[in-house]
Each structure stands twice: as structure tokens, then as C-alpha cells.
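Enquirer: Numbering (our numbering), first residue to last: 115 to 513.
All residues carry an ideal CB built from backbone N, CA and C; glycine is no exception.
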Ligand code: ADP
Ligand code: MG
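1. Under the assumption that residue 189 contacts residue 259 (Cβ atoms under 8 Å), give the Cβ distance between them as a whole number of angstroms.
2. By the DSSP assignment, the alpha helix (DSSP H) with residue 359 in it spans what residues?
3. Between residue 487 and residue 467, how many whole angstroms is the CB-CB distance? I'm expecting something under 8 Å.
4. Tell me whether residue 388 sits in a helix, a strand or coil according to DSSP, three-state version.
5. Alpha carbon to alpha carbon, how far is residue 83 from residue 421?
6. For the putative contact between residue 518 and residue 373, defined by C-beta atoms under 8 Å, what is the C-beta separation to the nearest angstrom?
7. Take residue 325 as the anchor and find which of 366, 201, 285, 313 has the nearest alpha-carbon.
8. Taking buried to mean at least 16 other C-beta atoms within 10 Å of its own C-beta, is residue 440 buried or exposed?
9. Do you know offhand how far residue 513's Cα is from residue 299's?
10. Mark residue 398 as exposed unless 16 or more other C-beta atoms lie within 10 angstroms of its C-beta, in which case mark it buried.
11. If we call anything under 7 Å between Cβ atoms a contact, is residue 167 one with residue 206?
12. Does residue 511 come out as helix, strand or coil in the three-state DSSP assignment?
13. With 16 other CB atoms within 10 Å as the buried threshold, where does residue 511 fall?
14. On the criterion of 16 or more Cβ atoms from any shown chain inside 10 Å, does residue 517 qualify as buried, or is it exposed?
15. Thinking residue 270 and residue 129 are a contact (beta carbons under 8 Å), I'd like their distance in whole angstroms, please.
16. Going by beta-carbon coordinates alone, are residue 335 and residue 307 separated by less than 7 Å?
17. With 16 as the cutoff for other CB atoms within 10 Å, does residue 384 come out buried or exposed?
18. Our contact map puts residue 220 next to residue 171 with C-beta atoms below 8 Å; I'd like the distance itself, whole angstroms only.
19. List the whole-angstrom C-beta distance separating residue 438 from residue 381, where the pair is believed to meet the contact cut-off of C-beta under 8 Å.
20. Rounding to the nearest angstrom, what Cα-Cα distance links residue 152 and residue 411 in this structure?
21. Between 419, 320, 403, 378, which has its C-alpha nearest residue 370's C-alpha?
22. Please give me, in chain order, every unbroken run of the alpha helix (DSSP H) with length at least 4 that falls completely inside the stretch 303 to 364.
23. How would you write the range of the alpha helix (DSSP H) that residue 156 sits in, first residue to last?
24. Taking the CB atoms as reference points, tell me whether residue 404 and residue 332 lie closer together than 7 Å.
25. Nearest to residue 177 by CA position, among 238, 204, 503, is which residue?
26. Can residue 147 and residue 450 be called in contact, C-beta distance under 7 Å?
27. What's the call for residue 263, buried or exposed, on a 16-neighbour Cβ count within 10 Å?
28. Using 10 angstroms around the beta-carbon of residue 345, count the other beta-carbons present and answer buried if the total reaches 16, otherwise exposed.
29. Would you say the beta carbon of residue 175 is closer than 6 Å to some non-hydrogen atom of the ligand MG?
30. Going by beta carbon distance, what residues of the same chain come within less than 6 Å of residue 235, once the five residues before and after it are set aside?
31. DSSP state of residue 479, grouped into three classes?
32. Please write down, chain order preserved, every residue whose beta carbon lies under 5 Å from a heavy atom of the ligand MG.
33. In the structure shown, what three-state DSSP assignment does residue 432 receive?
34. Residue range of the alpha helix (DSSP H) that residue 150 falls in?
35. Is residue 477 close to the ligand ADP? I mean its beta-carbon at under 6 Å from any heavy atom of the ligand.
36. Tell me which same chain residues have a C-beta within less than 6 Å of the C-beta of residue 158, skipping the five on either side of it?
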């Protein structure tokens, strides 16, 4: 089964419901990284040039079915208008009479943005009635949210039952780039997995062992491995309920001859003003590991010199607070240099990961940046993503 293509359908004077991932990282009202917005531009331009109008839908944050002003999509409207150079109409709800009116009034080439899908609990419940209410707003459904396609939510899954459904240009590009790089990757293939979403990411590691030759870990994930190896990690972030899981992963890795590389030194606060770097053999009880230290940077760098393909998800330290961005920055610059000289094919993905690479000023040299974190890892594991599977079933009126 293959994906249908947008060029199979007449778009002129059609209303396209475009599911995008506009869940951009925001701090104090400022967008930290706008790659999810800029990367949608080709789809927006394509649809407008073909004479369609666009009803844009997305989630934002995790409001869990409740309306909260901090999670309103309205706050990113100016950024969309600026990037796409078009005025955009906003509807205060994603379904119902106002949304319908806004959608109906759209003329060819015009765009409307609807309020956060997750203000309705039915979105995450994959509710068919909610999907139907959304489907009423357009003639064609386009999914450009690769980053959310690992979730069977109404706007990516149930939705496809009610309208001719297609992947957007960004979705197609992401899938092609990842397939090209990872279906028959140049080996050795390494993964760097770090960050703070410990349980989700630890669950993925077991399947990743079937794909990769080397696994470099940091952040809360590495801490959980260290703890399970009886190495003192002081007051650092880890997941107590996952200690046994890490032991199973270590055993499986030995069987599959996958090398797991853990940090050997760390940087953390000594007190409010000072920080220090220590060897992980001597961590005091009150110490918090907030970044990898220079010896780990060299260790990871040596491994990187030996691999040909790298996938990276998760910042290696608390990069938002300098100097704990130094480890991530050093490794990002190393990967960028190797990629620049064609010695390494590097793919990175994840909300905070992209922000950390931008902070390291090394984004441009990566071979490919994916907007997705979780979806990218599940795709890498070899899982069928529900949002993509849903696009593959043929719809009677498509084309
Ligand atoms: P992504 O969004 O790229 O998938 P995550 O959401 O899993 O990544 O994790 C990102 C967060 O992990 C960052 O905000 C960073 O501060 C945090 N982090 C990284 N290392 C540590 C650490 N050692 N202790 C606590 N938090 C960490
Ligand atoms: Mg994150």
C-alpha cells in the first residue's frame, strides 16, 4: 500500500482542512523555535496557488479537554501571518456554528485558523462524532502533522473516514527523507536518546535495539540506567518505576551486540551561584546531574567519529539554563562538523531537540531535521503510525 498524492485531486475552489502541528515551543509568550511554522510554507503556498482555501486545525500543549487561555492558538496567529505573508481569520472554537461560518466565508487562497483541538476531550478520544463535526468544515482533508501521526486522535485518524484524505507536502517530505536514510542506513548506525520524557522513550529503546549498532544516552534516561547499575546519581532526575526495564534493555543489548554508551562525568550546581563537574564514580547525595561533562563529550565524540548514520532525539542536558547547554552544544557542533564533511548522515527530531540545536547554532549542518520527536522514534522502531495508516486506505471519492 502506498500513500495517495495531493496531485491526484482537483483543488480549485475546494475547502481543504489542513491538520498541522502548530505546537511550537513557547516561553513567556515568545516562540523559541518556529521550524514547525516555516516548514508548512510549501504546503500553504501549494494549496493557495491551486485555488483551494484552507481551514487550519492543530492542537497546542496539553489542556486535557479544558479551555485555557495560555493554550489558545490565537497567540501564534501573528507568527503565522508573518511567516506565510497572508492575513488569517481566527475562529474561537474548532467545531460549531462560528467555525462553520468562518469556513464557509473563505474564498480561494484564503486561510482560517481554528482554536485548539484539544479543548475538546473528544479529540484525544478519537471520537467519530467530533471527527464528523470537523469534517463538515471542508471538502478535502490533508494531514501535514507527521509529528502527531503516532497518535490515533480524531483529527488525524477518525477524520479520514469522512473525507477524501491526503498527506501534505511536509508529511510526504518527512516520510521520504526518513525512509531514504533509515531503510538501508549506512552503518554503523547510532542513536542519541536523551531528554526528560523518560518512560515514553525507555519503552522505545527495546525496539530500537533491532535497528541500531550504538546507543548513546543522557538526561533522565541515562540517569535511570546509571541508577539501575548501582551508580550513585544523587538527587538527579530518573524514573524509579523503570529500573527493571533498563536491566532488560541492557541484557537484550548484550544479546544483540548493541553498545550502550552512558555518561562518565556530569556538570551540576554546587550551590545557587556555582556549578561543578564531577566524575560519575563520586557523586555526592545532594548533587544534580544537569549536563554531561567534558570527558563524556570526548567519549561521545569518539563514538561519533566511528559511525556513519545518527538519529538524535532529546537534549543531553538542561540546555535552557546556561552553562548546562554546553554538553548539548559541543555534541551538536561535532555532529554538524561531521555532517558538513559528509562523514555522517545525521537526523534529529523533537520539540526541545530542535530548539537545543538552534541554540548551538548547528541546525543548518544537520542532514535532516524532523519536526517530530515521538512519531519519529516510533517510525524508526518500525511501528505503523495510525495517522499514516489511515491515509493509506483508499477513499471512494479520492481523485
Ligand atoms: P524532546 O522534546 O526533544 O523530545 P524531551 O521533551 O524528552 O525532548 O526533553 C527535553 C527536556 O529534557 C529539556 O527541557 C531539558 O531541560 C530536559 N533535560 C535534559 N537533560 C536533563 C537532566 N539531566 N535533568 C533534567 N532535565 C533534563
Ligand atoms: Mg519535549
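Expert: To lay it out plainly:
1. In the chain shown, residue 189 corresponds to position 75, counting from 1. In the chain shown, residue 259 corresponds to position 145, counting from 1. Wrong, their Cβ atoms sit about 19 Å apart, outside the cutoff.
2. Translated into positions along the chain shown, residue 359 becomes position 245. Taken as a continuous stretch (DSSP letters only), the alpha helix (DSSP H) holding residue 359 covers 357 to 369.
3. As a first step, residue 487 is located in the chain shown; it is residue number 373 there, counting from the start. As a first step, residue 467 is located in the chain shown; it is residue number 353 there, counting from the start. With 8 Å as the limit, residue 487 and residue 467 qualify as a contact, their Cβ atoms being about 7 Å apart.
4. Your numbering for residue 388 matches position 274 in the chain shown. Coil.
5. This structure gives no information on residue 83, because the portion of the chain shown stretches from 115 to 513.
6. This structure gives no information on residue 518, because the portion of the chain shown stretches from 115 to 513.
7. Residue 325 sits at position 211 when you count from the first residue of the chain shown. Cα-wise, what sits closest to residue 325 is 366.
8. Indexing the chain shown from 1 puts residue 440 at position 326. The residue is buried, with at least 16 neighbouring Cβ atoms inside 10 Å.
9. Translated into the one-based positions of the chain shown, residue 513 becomes position 399. Translated into the one-based positions of the chain shown, residue 299 becomes position 185. At residue 513 the pLDDT is 38, less than 50, meaning the model places this residue with poor confidence; the figure from the coordinates comes in the next sentence. Rounded to the nearest angstrom, the two C-alpha atoms are 34 Å apart.
10. Taking the first residue of the chain shown as 1, we reach residue 398 at position 284. It counts as exposed.
11. The residue given as residue 167 occupies position 53 in the chain shown. The residue given as residue 206 occupies position 92 in the chain shown. No, the pair does not count as a contact, with Cβ atoms beyond the cut-off.
12. Mapped onto the chain shown, residue 511 falls at position 397. Because the pLDDT at residue 511 is just 47, under 50, the model does not fix this residue reliably, and the value given afterwards should be weighed accordingly. Residue state, collapsed to three classes: coil.
13. Walking along the chain shown from the start, residue 511 turns up at place 397. Its pLDDT being 47, under 50, residue 511 is placed unreliably in this model, and the coordinates cannot settle the point.
14. With the chain covering 115 to 513 only, the question about residue 517 has no answer from this structure.
15. Against the chain shown, residue 270 aligns to sequence position 156. Against the chain shown, residue 129 aligns to sequence position 15. Contact doesn't hold; Cβ gap of about 19 Å is too wide.
16. Here residue 335 refers to the residue found at position 221 when the chain shown is read from its first residue. Here residue 307 refers to the residue found at position 193 when the chain shown is read from its first residue. It is a contact, given that the beta carbons lie within the stated cut-off.
17. The residue you call residue 384 lines up with position 270 of the chain shown. Exposed: under 16 other Cβ atoms inside 10 Å.
18. If you number the chain shown from 1, residue 220 lands on position 106. If you number the chain shown from 1, residue 171 lands on position 57. Actually they do not touch by this definition, with Cβ atoms about 14 Å apart.
19. Taking the first residue of the chain shown as position 1, residue 438 is located at position 324. Taking the first residue of the chain shown as position 1, residue 381 is located at position 267. Rounded, the Cβ-Cβ distance is 6 Å, consistent with contact.
20. Counted from its first residue, the chain shown places residue 152 at position 38. Counted from its first residue, the chain shown places residue 411 at position 297. For residue 152 and residue 411, the distance between alpha carbons rounds to 32 Å.
21. Within the chain shown, numbered from 1, the residue matching residue 370 stands at position 256. Nearest of 419, 320, 403, 378 to residue 370, Cα basis: 320.
22. 312 to 322, 333 to 342
23. For this step, residue 156 is matched to residue 42 along the chain shown. Looking at the DSSP string, the run of the alpha helix (DSSP H) that includes residue 156 is 155 to 163.
24. Within the chain shown, residue 404 is the residue found at index 290, counting from 1. Within the chain shown, residue 332 is the residue found at index 218, counting from 1. No, they are not a contact pair.
25. If you number the chain shown from 1, residue 177 lands on position 63. The shortest Cα separation from residue 177 among 238, 204, 503 belongs to 238.
26. Counting from 1 along the chain shown, the entry for residue 147 is found at position 33. Counting from 1 along the chain shown, the entry for residue 450 is found at position 336. Their beta carbons are not under 7 Å apart, which means residue 147 does not touch residue 450 by this criterion.
27. Looking up residue 263 in the chain shown gives position 149. That one is buried.
28. Start at 1 with the first residue of the chain shown, and residue 345 comes out as number 231. Classification of residue 345: exposed, given that the 10 Å Cβ count is below 16.
29. Taking the first residue of the chain shown as 1, we reach residue 175 at position 61. No; taking the cut-off as 6 Å, the Cβ of residue 175 has no heavy atom of the ligand MG nearer than that.
30. For the purposes of this step, residue 235 is taken as the residue at position 121 of the chain shown. Once the five neighbours on either side are set aside, the close Cβ partners of residue 235 are 179.
31. Stepping through the chain shown from its first residue, residue 479 is reached at position 365. In this structure, residue 479 counts as helix in the three-state DSSP scheme.
32. 465, 466
33. What you label residue 432 is simply residue 318 of the chain shown in a count that begins at 1. Residue 432: coil per DSSP, three-state reduction.
34. In the chain shown, residue 150 corresponds to position 36, counting from 1. Residues 149 to 152.
35. Residue mapping note: residue 477 aligns to position 363 of the chain shown, counting from 1. Flag unset: Cβ of residue 477 not near the ligand ADP.
36. For the purposes of this step, residue 158 is taken as residue 44 along the chain shown, with counting starting at 1. So the qualifying residues of the chain are 198.
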